[in-house]
Amino acid sequence: MSEVGASRASWNTYRDVEVSFKVNGKEVRVRVKPYERLLDVLRNKLGLLSVKEGCGRGECGSCVVIMNGKLIPTCLTLAVRAEGSEILTLEGIAPEGKLHAIQKALLDTYSMQCGFCFPGVIMASKYLLDKNPDPTEDEIRDALDGNICRCGSYLRFIKAVKLASKYIKEGKVFFDESEVLR
Amino acid sequence: MSTIPEYYKIVEEVFEKYKDKEFLFVGRHTQRWDSIEKIKGRALFTADFTRLYSNLVYVHSVRTKYAHARIKSIDVSEASKYPGVLRVITAKDIPGINDVGYVIPDQPLIADRKVRYIGDIVALVVAENPLVAREAGELISVEYEPLPVITNPLDVVDLMTLKEKPHTLVHDERGSDILVHYKIRRGDIEKAMREADVKVEGVYKTPFQEHAYMEPEASIAIPEPDGSVTVIASTQCPFDVRKAVAKVLGLTLNKVRIVVPAVGGGFGGKEDVANEVAAKAALAAVLTGRPALAVHTREESIIGHSKRHPMIAWYRHAAKKDGTLVAVEANVVMDGGAYASLGPFVPWRATVHATGPYKVQSARVDVVRVYTNNVYAGAFRGFGNPQVIFAVERQMDLLAEELGMDPVELRLKNILRVGDETVHGQKLTEEHGVGLEEAVMKAVEASNWFELRRRYSEITGPVRKGIGIALFYHGNSIGVEGADYSSVTLIINRDGSVSIRTGLTEFGQGSTWGLALIAAEILGVPPSYFKIENPDTSATPDAGPTVASRATVMGGAATVVAAYKLRKRLNEVASHILGCDPDDVVIRAPDVYCSSDPSRRTRWADVVEQSFWLGVPLQEFGYYRAPRALWDEETGQGAPYITYTFGAIVADVDVDIETGLVKVNKIFTAYDIGKVINRMGAELNAEGGAIQALGYALMEEIIHDKEGRVSNPNLSTYYVPTIKDVPEIIPLWVEAKYRKGPLGAKGFGEPSFNAVAAAIANAVAHAIRANVTELPITPERVYMLLKNKQKT
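Quick mapping for you: the protein sequence lines, in order, are chains A and B.
Whatever position you read off the first sequence (first residue = 1), add 2 for the numbering used here.
Residue 632 in the numbering used here sits at position 651 of the second sequence, with consecutive numbering throughout.
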């Protein structure tokens, strides 16, 4: 028998804390528990369901977002840490009805399998291209090394990031969704 | 019942009609119907529905502390009183039958009498806050009487005699821990062995492999006003989940509804564990009257769901001087862990394929699957075949070496071609589509085999190079495992768009999109008109499980039947509008015209509208059941599968003999999958299967300690390939068409995994000139191989 649960303060006893930050360009204010993960707050309180939980330990890359210009695993980030920050999730990378060049390139390269890792892969690719608009294959492999895709679309990701880089250099950052499905 | 069903005739008629035609959609690159929702991150996976239910409760599983113990008592009083806890559920609270075994009833949902592995559940705690549920779980007191833990299958059975050894039974209620024993008996094995010129033998081992699909298991159950329950579930087999939930709750099947949203990977792993997870959620929902979420953490997923069966196998191959294979003997032990899961079937597939895609005159094969206290083993892409392929293909290389032949030369001497009999006495004909030789030639040519094999053999120094080949065949669909049927409903809507309803599920593999392409081709309507509905046991027809690479072959055949009948009716309506013969009608939506006079034309939408007003049904149900497979239990003779997918893999590797690290440079995959239906899906499976198998070859292994605990239950200790591990993969295709398949297609999901690890192993053996007998080929194992070689 274990006494661990009985001897420490219960999760029940924590009070809410108010946190304000900007997500996808919009100011938000949410009440959170001090132990709550940013992942759960983005998903359950703000409805940003593109942020996926694959492992909860920062090992798979499914939940990464860009926070203050850095790529972070939201499963290892407490929501209170988001105070005053600017966060970008997949929902915010292209306007309604449009696809970002990375999304377009992933479809052009026929890379879709189950799609669960895609939000993380797209955010990691965006983070890479923001810093390095013309990455080499090795640089792409380094940048996406933290994103596990068990279906194994990795080779397509390399092609897609290169293609997206080309699109962006040509000034084509956004595409109409209707251009893709014919 | 002696008449040939209409659906056979339709599938064959359609094959004949299209076999020489150029396809508009089939075999081409197309964007799936769910592309936009997935690329935008909007596709809803099971756990994403959490937000829809404001009064949701969480179900936490309290798992055993011992891998093998009797349960003397359970006290949940403290946990039940804990603030925030709504309900604690133990075995005695189950209204129906406490069992979630997939094939046989050997697996309690909640352990009552004893625990058999470290993932067994002893109680469920239901609370509004998942952290509170977990906290309360720690207050549950279970009195255990620990039993000896068995983690080595050779403590259960002897490899050479296959006799059960005295031990503390994992399943004492069964009286034996040998679940199944399958056999092949062909020819006079003793005589063949005596008269052979050369023999090679060895013992081969393969590990537990984890599916590691990115979406962990999840279910949300919603209690309905009429006493029924709806479950949103991450599963490959909604109708099997329905059966399991109904059994646990004591409900009739029509009172359980399973809905499958987007699924984040399966690979065979989301067959049986989905039953357990759905049943947990359903139980909590029914007992609390509130929507309930059961979701596994990654660690729970790894310790609590099925794995690829580990294998220990002894093989002996015998051949004549000219390389003709004359006899194969094998004793194969598969570790099934604590429960049967798919265990009655996996060893059967291993047995069928136990001698590889070769002509074997004499064979004696015995395969047993035993219970241990390890995490249970079940279905995983390949289903028993990759394990025996590893052993067989290593043996073939040893034999080639012994005979002084090139490995390709030896294989070509013995491979199955049209007119040959398999080891089961099944005669392969043109009708099956047998493209193995062509696959071998393509892989050999593309990889520059003969040149590199010679050149790599001469390399010295710290980095060695190797090139290896492995072949396989893979029986399509489920064979004699059960009723092999599938079904779809095609619905043309009033605006001309098309809906497909089927119980087959999409979990990344793309096969249901293949159904849309088949229907598009036959109806003459572009794929962009199609939508595939989510599987829903209250709306989509029971199509059998989405397993065994059967969705394209079986579901595709059912789609052919439905599309053929619809097209026939629509041609008649169009003929009525256009005034030409029904056979003269061309549908190329949005246009419809007469082939003999294209100026006589109308619109697809008009044909649909006319059909509606004429009372011509715009919906059609398609059903297909595979011809019965044959198998003699004593001799393994018969015709175990309807047809076979074939393949040849060549791997090119570097081995650093100072660090033991293996780097795969290139993998050439030549597959005969009959007619390629979904080009994108086929290519992605070829790549994805190869990558998963690269992990199996080099790094993946679930390790149990001697107490039966999993030593590496997360993704930082259980390694899967990342983008940095991936070599160049060159997919090559052979299309030896299966005439009774939809447009000539054969299955491909599992075959894409099958022989890649064996090819890598053969390449490593070539590079280091040592006998690789165990997977994964970690740096430590390479080091030991080199060290042992120095000794001898």
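Each residue gets a CB set at the ideal place from its N, CA and C atoms; glycine is no exception.
Next on the checklist: I'd like to know whether the C-beta atoms of serine 200 of chain B and glycine 250 of chain B end up nearer to each other than 8 angstroms.
Outcome noted: Result no, Cβ atoms of serine 200 of chain B and glycine 250 of chain B do not sit closer than 8 angstroms.
Next on the checklist: Can you confirm whether glutamate 668 of chain B, when its beta carbon is compared against all beta carbons of chain A, has any partner nearer than 8 angstroms?
Outcome noted: Chain A, which has a Cβ nearer than 8 angstroms to the Cβ of glutamate 668 of chain B, makes this yes.
Checklist entry - How about lysine 133 of chain A and phenylalanine 177 of chain A: are their beta carbons less than 8 angstroms apart? => result For lysine 133 of chain A and phenylalanine 177 of chain A, no; Cβs fall outside 8 angstroms.
Checklist entry - Do aspartate 80 of chain B and leucine 90 of chain B have their C-beta atoms within less than 8 angstroms of each other? => result Yes, the Cβ-Cβ distance between aspartate 80 of chain B and leucine 90 of chain B is below 8 angstroms.
Checklist entry - Using the beta-carbon of each residue, which ones in chain A are nearer than 8 angstroms to valine 701 of chain B? => result By Cβ distance, chain A contributes Ile150 and Arg152.
Checklist entry - Could one say the Cβ of isoleucine 684 of chain B lies closer than 8 angstroms to chain A's Cβ atoms, at least one of them? => result Interface criterion not met: the Cβ of isoleucine 684 of chain B is under 8 angstroms from no Cβ in chain A.
Item to check | Min CB distance glutamate 141 of chain A to chain B below 8 angstroms | outcome: Cβ-Cβ to chain B under 8 angstroms: no for glutamate 141 of chain A.
Item to check | Touching by the beta-carbon criterion (3+ pairs, under 8 angstroms), the region 238 to 255 of chain B and the region 201 to 221 of chain B | outcome: Segments in contact, yes.
Checklist entry - With burial defined as no fewer than 16 other Cβ atoms inside 10 Å of the residue's Cβ, what is the status of phenylalanine 114 of chain A: buried or exposed? => result It is worth fixing the name first, because residue 114 of chain A is methionine in this sequence and not phenylalanine. Its Cβ being crowded by 16 or more others within 10 Å, methionine 114 of chain A is buried.
Checklist entry - Are the region 471 to 478 of chain B and the region 631 to 649 of chain B touching by the rule of at least three beta carbon pairs closer than 8 angstroms? => result These segments do not touch.
Next on the checklist: When you compare the CB of cysteine 116 of chain A with every CB in chain B, is at least one pair closer than 8 angstroms?
Outcome noted: With 8 angstroms as the cut-off, cysteine 116 of chain A counts as an interface residue toward chain B.
Item to check | Short-range partners of chain A found in the region 182 to 208 of chain B, where Cβ spacing is below 9 angstroms | outcome: Here the close residues are His192, Ala193, Tyr194, Met195, Glu196 and Pro197.
Checklist entry - Out of curiosity, what's the CA-to-CA distance linking valine 69 of chain B and arginine 271 of chain B? => result About 14 angstroms.
Item to check | Interface positions of the region 72 to 92 of chain A facing chain B (Cβ-Cβ less than 7 angstroms), listed along the chain | outcome: Hits within the stretch, in order: Leu92.
Checklist entry - Would you call lysine 168 of chain A buried or exposed, if buried means 16 or more other Cβ atoms sit within 10 Å of its Cβ? => result Label assigned to lysine 168 of chain A: exposed.
Item to check | Whole-angstrom distance between isoleucine 758 of chain B and alanine 742 of chain B, CA atom to CA atom | outcome: Cα to Cα, the separation comes out at about 7 angstroms.
Next on the checklist: I need the straight-line Cα distance from valine 66 of chain B to alanine 108 of chain B, nearest angstrom please.
Outcome noted: Between valine 66 of chain B and alanine 108 of chain B, the C-alpha separation is close to 5 angstroms.
Checklist entry - Does the beta-carbon of arginine 10 of chain B have 16 or more other beta-carbons within 10 angstroms, so that it is buried, or is it exposed? => result What sits at residue 10 of chain B in the sequence shown is histidine, not arginine. When all chains shown are included, histidine 10 of chain B counts as exposed.
Item to check | N-terminal and C-terminal residue of the alpha helix (DSSP H) that methionine 141 of chain B is part of | outcome: Element bounds for methionine 141 of chain B: n/a, residue is neither H nor E.
Next on the checklist: Please tell me whether glutamate 116 of chain B has its Cβ less than 8 angstroms away from any Cβ of chain A.
Outcome noted: For glutamate 116 of chain B, the nearest beta carbon of chain A is closer than 8 angstroms to its own beta carbon.
Checklist entry - With distances taken from CA atoms, which of A:Val163, A:Glu139, A:Lys161 and A:Thr91 is nearest glycine 22 of chain B? => result Comparing alpha carbon positions, the residue from A:Val163, A:Glu139, A:Lys161 and A:Thr91 closest to glycine 22 of chain B is A:Thr91.
Item to check | DSSP state of arginine 375 of chain B mapped onto helix, strand, coil | outcome: Collapsing the DSSP output to three states places arginine 375 of chain B in a helix.
Next on the checklist: With a threshold of 8 angstroms between beta-carbons, can proline 121 of chain A be considered close to chain D, or not?
Outcome noted: In the displayed structure, chain D is absent; the protein chains listed are A and B.
Next on the checklist: I need the straight-line Cα distance from glycine 728 of chain B to isoleucine 52 of chain B, nearest angstrom please.
Outcome noted: Taking the straight line joining both Cα atoms gives about 45 angstroms.
Checklist entry - Who pairs with aspartate 178 of chain A in a beta bridge, going by DSSP? => result Its beta-bridge partners are A:Lys100.
Checklist entry - Beta-carbon of threonine 441 of chain B versus every beta-carbon of chain A: anything under 8 angstroms? => result Output row for threonine 441 of chain B: interface = no.
Checklist entry - Quick one, which residues of the region 50 to 61 of chain A are near chain B if we go by CB-CB under 9 angstroms, in chain order? => result Those residues of the region 50 to 61 of chain A that come within reach of chain B (Cβ to Cβ, closer than 9 angstroms) are Leu50, Leu51, Ser52, Val53, Lys54, Glu55, Gly56, Cys57, Gly58, Arg59, Gly60 and Glu61.
Next on the checklist: Excluding the 5 residues flanking glycine 118 of chain B on each side, which residues of the same chain have their C-beta closer than 6 angstroms to its C-beta?
Outcome noted: Only His41, Val43 and Val106 meet the Cβ criterion.
Checklist entry - What's the call for tryptophan 594 of chain B, buried or exposed, on a 16-neighbour Cβ count within 10 Å? => result Looking at its Cβ environment, which holds fewer than 16 other Cβ atoms inside 10 Å, tryptophan 594 of chain B is exposed.
Checklist entry - In whole angstroms, what separates the C-alpha of threonine 142 of chain B from that of alanine 311 of chain B? => result Looking at the two C-alpha atoms, the distance is approximately 11 angstroms.
Checklist entry - Ordered along the chain, which non-local residues of its own chain (more than five positions away) have a Cβ less than 7 angstroms from that of methionine -18 of chain B? => result In this prediction, methionine -18 of chain B has a pLDDT of 49, which is less than 50 and means its spatial position is unreliable; nothing more can be read from the coordinates.
Next on the checklist: Counting only Cβ pairs nearer than 8 angstroms, list the residues of chain B close to phenylalanine 159 of chain A.
Outcome noted: For phenylalanine 159 of chain A, the neighbours in chain B by C-beta distance under 8 angstroms run, in chain order, Ile704.
Next on the checklist: Residues of chain A with CB closer than 8 angstroms to the CB of asparagine 110 of chain B, please, in chain order.
Outcome noted: Result: Trp13 and Asn14.
Item to check | isoleucine 440 of chain B classed as buried or exposed, judged by whether at least 16 other C-beta atoms fall within 10 angstroms | outcome: Exposed, since its Cβ has fewer than 16 Cβ neighbours within 10 Å.
Checklist entry - Can you find a CB in chain B that lies within less than 8 angstroms of the CB of tyrosine 129 of chain A? => result Chain B, which has no Cβ nearer than 8 angstroms to the Cβ of tyrosine 129 of chain A, makes this no.
Item to check | Identity of the residue in B:Leu452, B:Pro516, B:Ile450 and B:Ser467 nearest serine 458 of chain B by Cα | outcome: For the residues B:Leu452, B:Pro516, B:Ile450 and B:Ser467, the minimum Cα distance to serine 458 of chain B belongs to B:Ser467.
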